[in-house]
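**Student:** I have a structure here, written as structure tokens, and I will follow up with some questions on it.
Chains as they are written, first to last, in the working numbering: chain H, 36 to 236; chain Y, 12 to 486.
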């Protein structure tokens, strides 16, 4: 398991709050048995609707092609628990998400696939999105050990639950290995849980 | 910090270890899987050369992609067929019970587990589906999870979880005639917000919740996730025990009394401490529906649509977007708004009592759905369908012009052939009104109770059930 401490790359700003996982990946693209190919469908409906209106969604904008740091508003990833949403963002190229806040299942799904979600205040998000919009080639540098985001002359202090931050820094973000180590304890506990054992006292 | 709540007790009982990252390894008593979020998890297991550790604690069904009209195999949609075949192969190879189409036990996963008596008080439940919150109605602690976590549960029967705070959400008093459990939960979300529950488990309580049936309680807990809570639950009581008694997987015979004693003890103590308390007055809740693009954008039928300036500055963009997408205007009333489609079903409102309510409205109204309105009535499970037909509800629906279908998730998220077209506007008993949720990228959804949806279908426009129910009381 590898540590994830520094992530540097160009940013892609996505304005708006309460962006749900149905919008990140519409349900019709969930008709599949693998996560392959989901990257091209990220924000499919928003992209085509904006295109029809003569506008460009950031994910369709060639200026942001190759970006790896997604910058979003509050309650990002709310709604359906579909891991297809973080998977599609990751496959599009997203390696970290900076937002005002995240829905919890989405946040945890991102931990499980090694994509840290970091928080900044609404004002800082607005500044960072503005910086990237002005200079799409700008390099955004995340340092999870230092707890900072640096872009041009700006330095932001990130907020992140300490446990989640440590998981990335120490390389413990994929919990499966640890969970498996305790399989013996799990079997012992299973034999003690009343509803699995005919409620015998 | 909370202390002595059902959540605290269940968490402690199921805690296996503190992980290095700081999370708790939590044992999962009941794991439910379906065809959308499990195939990749089984593939990950194969890649890691792992086996399912506790196949007897996982149950599978197929619900999201099931066609509700022609269910002949192979399904007309080859992708849907491929997903069901993957589920059939994965469950057969792992020794997991699958309730398939035609088994008599298939249905929306959150409907079948309770009706089979699988969901019980004091359990931990997990499923790769956010509406797993539903099972909290029984006093279970239930989590919607992603596919990597489904892999973890399959491999170890445990999850790495962060602890939660507990907010007690009390609703006290009696509901007025024409106000239902759906109105209560829409009202709660409207007032606490779609992210108000972040970091919390919601304990729904109070005299109004105590007086509810199990099916009503499931409607409440189902939408805890729409309020941003990680899970929602209601303490088990006599109503819970009466519902469970005699169900296939409920404790039988001599064990029953031991089970009931344990269930009573797992409920929150009368002197439990909570991290937060919010109190609602049931009498203040009116028939409620959503008008916008998040479940929190709701209003009572007696109100008019809010001015944009009424919202906090940072919310105003989203409100403008909602008005634009829905083609509605501040100051407008929702009453009388013409609709195109009515969907009755889903894990929120696809149970027998919901269908009875629809049938009752049909009979009180006496009319027929106008021909230009498309309706889809989808029972939550094969068992709900059989029970509804045994009561003759299907005949009432058909007589009044409703389209009666087979069990599945259907138009709640439109992964099957049931979809909105273009900018159609749908009165829906489901749980999400996100942009594009019902299958058309421009489709519009209004969430409401089954009674309001039924009358709206019959009238072809948003309608108030209260005068109709009032007339019934007088006659």
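Glycine included, each C-beta is placed from N, C-alpha and C at the ideal position.
Among H:163, H:171, H:212, which has the Cα closest to the Cα of residue 160 (chain Y)?
**Tutor:** For the purposes of this step, residue 160 (chain Y) is identified with residue 149 of the second chain, where counting begins at 1. Nearest C-alpha to residue 160 (chain Y): H:212.
**Student:** Quick one: which chain Y residues come within Cβ less than 8 Å of residue 177 (chain H)?
**Tutor:** Start at 1 with the first residue of the first chain, and residue 177 (chain H) comes out as number 142. Residues of chain Y passing the Cβ test: none, with the nearest at roughly 19 Å.
**Student:** Got a sec, what are the start and stop residues for the beta strand (DSSP E) residue 172 (chain Y) sits in?
**Tutor:** Here residue 172 (chain Y) corresponds to residue number 161 of the second chain, with the count starting at 1. Residues 169 to 172.
**Student:** Going residue by residue through the segment 92 to 166 of chain Y, where are the continuous beta strand (DSSP E) segments of at least 3 residues, counting only ones entirely within it?
**Tutor:** Taking only runs of at least 3 residues, the beta strand (DSSP E) segments lying wholly in the segment 92 to 166 of chain Y are 108 to 110, 135 to 138, 152 to 155.
**Student:** Which partner residues of residue 176 (chain H) appear in the DSSP bridge assignment?
**Tutor:** Mapped onto the first chain, residue 176 (chain H) falls at position 141. BP columns for residue 176 (chain H) point to H:43, H:185.
**Student:** Keeping to the same chain, check which residues put their C-beta closer than 7 Å to that of residue 451 (chain Y); ignore five residues upstream and five downstream.
**Tutor:** Counting from 1 along the second chain, the entry for residue 451 (chain Y) is found at position 440. Closer than 7 Å at the Cβ level, and outside the excluded window around residue 451 (chain Y), lie 430, 431, 432, 433, 435.
**Student:** Does the beta carbon of residue 116 (chain H) sit closer than 8 Å to a beta carbon anywhere in chain Y?
**Tutor:** Translated into the one-based positions of the first chain, residue 116 (chain H) becomes position 81. Yes - at least one Cβ of chain Y is within 8 Å of the one on residue 116 (chain H).
**Student:** Out of Y:84, Y:203, Y:373, point me to the one whose CA is closest to residue 234 (chain Y)'s CA.
**Tutor:** For the purposes of this step, residue 234 (chain Y) is taken as the residue at position 223 of the second chain. Checking every option, the nearest Cα to that of residue 234 (chain Y) belongs to Y:203.
**Student:** Measure how close the beta-carbons of residue 266 (chain Y) and residue 198 (chain Y) come, nearest whole angstrom, since I'm counting them as under 8 Å.
**Tutor:** In the second chain, counting from the first residue as 1, residue 266 (chain Y) sits at position 255. In the second chain, counting from the first residue as 1, residue 198 (chain Y) sits at position 187. The pair is not a contact, with the Cβ atoms about 39 Å apart (cut-off 8 Å).
**Student:** Report, in whole angstroms, the separation of the C-beta atoms of residue 136 (chain Y) and residue 72 (chain Y), which I expect to be a contact under 8 Å.
**Tutor:** Within the second chain, numbered from 1, the residue matching residue 136 (chain Y) stands at position 125. Within the second chain, numbered from 1, the residue matching residue 72 (chain Y) stands at position 61. Not really, about 14 Å apart at Cβ, beyond 8 Å.
**Student:** Can you give me the start and stop residues for the beta strand (DSSP E) that residue 213 (chain H) sits inside?
**Tutor:** Along the first chain, read from residue 1 onward, the residue named residue 213 (chain H) stands at position 178. First-last for residue 213 (chain H): 211 to 216, but that is the alpha helix (DSSP H), not the beta strand (DSSP E).
**Student:** Roughly how many whole angstroms lie between the Cα atoms of residue 174 (chain H) and residue 428 (chain Y)?
**Tutor:** Taking the first chain and counting its residues from 1, one reaches residue 174 (chain H) at position 139. Taking the second chain and counting its residues from 1, one reaches residue 428 (chain Y) at position 417. Cα to Cα, the separation comes out at about 45 Å.
**Student:** Quick one, which residues of the segment 215 to 235 of chain H are near chain Y if we go by CB-CB under 8 Å, in chain order?
**Tutor:** Listed by position, the residues of the segment 215 to 235 of chain H near chain Y (Cβ gap below 8 Å) are 215, 217, 218, 220, 221, 224, 225, 228, 229, 230, 231, 233, 234, 235.
**Student:** Name the chain Y residues that come within less than 7 Å of residue 202 (chain H), Cβ to Cβ?
**Tutor:** Against the first chain, residue 202 (chain H) aligns to sequence position 167. The contacting residues are 32.
**Student:** Would a C-beta distance cut-off of 8 Å place residue 168 (chain Y) and residue 65 (chain Y) closer than the cut-off?
**Tutor:** Position 157 of the second chain holds residue 168 (chain Y). Position 54 of the second chain holds residue 65 (chain Y). Yes, the pair counts as a contact, with Cβ atoms nearer than the cut-off.
**Student:** Only counting the same chain, and skipping five residues up and downstream in sequence, which positions put a Cβ closer than 8 Å to that of residue 75 (chain Y)?
**Tutor:** By 1-based counting over the second chain, the position of residue 75 (chain Y) is 64. Closer than 8 Å at Cβ, skipping near neighbours: 45, 46, 47, 419, 420, 424, 426, 427.
**Student:** So is residue 147 (chain H) in contact with chain Y if we call contact Cβ pairs under 8 Å?
**Tutor:** Taking the first residue of the first chain as position 1, residue 147 (chain H) is located at position 112. At least one chain Y Cβ lies under 8 Å of residue 147 (chain H).
**Student:** Taking the alpha-carbon of residue 110 (chain H) as reference, which of H:52, H:204, H:203, H:190 has the nearest alpha-carbon?
**Tutor:** For this step, residue 110 (chain H) is matched to residue 75 along the first chain. Residue 110 (chain H) has its Cα closest to that of H:52, out of H:52, H:204, H:203, H:190.
**Student:** Secondary structure at residue 277 (chain Y), three-state DSSP: helix, strand or coil?
**Tutor:** Reading the second chain from its first residue, position 266 is the one you call residue 277 (chain Y). Correct three-state label for residue 277 (chain Y): helix.
**Student:** Name the residue from H:73, H:154, H:97, H:217 whose alpha carbon lies nearest to the alpha carbon of residue 197 (chain H).
**Tutor:** Taking the first chain and counting its residues from 1, one reaches residue 197 (chain H) at position 162. Out of H:73, H:154, H:97, H:217, H:154 has the C-alpha closest to the C-alpha of residue 197 (chain H).
**Student:** Buried or exposed: which applies to residue 347 (chain Y), given that a residue is buried once 16 or more other Cβ atoms fall within 10 Å of its Cβ?
**Tutor:** Start at 1 with the first residue of the second chain, and residue 347 (chain Y) comes out as number 336. Exposed.
**Student:** For residue 458 (chain Y) and residue 188 (chain Y), which I take to be in contact (beta-carbon distance under 8 Å), what is that distance rounded to the nearest angstrom?
**Tutor:** Within the second chain, the letter at position 447 stands for residue 458 (chain Y). Within the second chain, the letter at position 177 stands for residue 188 (chain Y). So it is not a contact: roughly 21 Å between Cβ atoms.
**Student:** Counting only runs of 4+ residues fully inside the segment 321 to 357 of chain Y, write out the alpha helix (DSSP H) ranges in chain order.
**Tutor:** The qualifying runs are 327 to 337.
**Student:** Pull up the CB-CB distance for residue 132 (chain H) and residue 48 (chain H), whole angstroms please, since I reckon it's below 8 Å.
**Tutor:** By one-based count along the first chain, residue 132 (chain H) stands at place 97. By one-based count along the first chain, residue 48 (chain H) stands at place 13. Between residue 48 (chain H) and residue 132 (chain H) the Cβ distance is about 12 Å, and since that is not below 8 Å, they are no contact.
**Student:** Could you have a look at residue 373 (chain Y) and say whether DSSP puts it in helix, strand or coil?
**Tutor:** Along the second chain, one-based indexing puts residue 373 (chain Y) at 362. Residue 373 (chain Y): helix per DSSP, three-state reduction.
**Student:** Using the Cα positions of residue 382 (chain Y) and residue 303 (chain Y), report the straight-line distance between them to the nearest angstrom.
**Tutor:** Indexing the second chain from 1 puts residue 382 (chain Y) at position 371. Indexing the second chain from 1 puts residue 303 (chain Y) at position 292. Those two C-alpha atoms are separated by around 27 Å.
**Student:** Which of the three DSSP states is assigned to residue 243 (chain Y) in this structure?
**Tutor:** Locating residue 243 (chain Y) in the second chain gives position 232, where the first residue counts as 1. Strand.
**Student:** Tell me, please, whether the CB atom of residue 82 (chain H) is closer than 8 Å to any CB atom in chain Y?
**Tutor:** Residue numbering aside, residue 82 (chain H) sits at position 47 when the first chain is read from its first letter. Not an interface residue.
**Student:** Would the segment 97 to 105 of chain H count as touching the segment 219 to 228 of chain Y if we require 3 or more Cβ pairs under 8 Å?
**Tutor:** Output reads no: the segment 219 to 228 of chain Y does not touch the segment 97 to 105 of chain H.
**Student:** Ignore the nearest five residues each way along the sequence and tell me which others in residue 232 (chain Y)'s own chain have a CB closer than 6 Å to its CB.
**Tutor:** To locate residue 232 (chain Y), count along the second chain from 1; it is residue 221. For residue 232 (chain Y), where only same-chain residues beyond five positions count, the Cβ hits under 6 Å are 144, 145, 147, 148, 243.
**Student:** Helix, strand or coil for residue 296 (chain Y), going by three-state DSSP, please let me know.
**Tutor:** Position 285 of the second chain, counted from the start, is the residue given in the question as residue 296 (chain Y). In the structure shown, residue 296 (chain Y) sits in coil (DSSP, three-state: anything other than H, G, I, E or B).
**Student:** Cβ closer than 8 Å: which chain Y residues qualify as neighbours of residue 136 (chain H)?
**Tutor:** Indexing the first chain from 1 puts residue 136 (chain H) at position 101. Within chain Y, the residues near residue 136 (chain H) are 206, 209.
**Student:** From H:225, H:172, H:228, H:217, pick the residue whose C-alpha is nearest to that of residue 99 (chain H); which is it?
**Tutor:** For the purposes of this step, residue 99 (chain H) is identified with residue 64 of the first chain, where counting begins at 1. Of H:225, H:172, H:228, H:217, the residue nearest in Cα terms is H:172.
**Student:** Starting from residue 509 (chain Y), trace the beta strand (DSSP E) both ways and give me its first and last residue.
**Tutor:** With chain Y running from 12 to 486 in the structure shown, residue 509 (chain Y) is simply not present.
**Student:** Using Cβ-Cβ distances below 7 Å, what residues of the segment 272 to 291 of chain Y are close to chain H?
**Tutor:** Per Cβ criterion, the list reads 273.
**Student:** So what's residue 52 (chain H) in DSSP terms, helix, strand or just coil?
**Tutor:** The sequence position of residue 52 (chain H) within the first chain is 17, counting from 1. Coil at residue 52 (chain H), not helix or strand.
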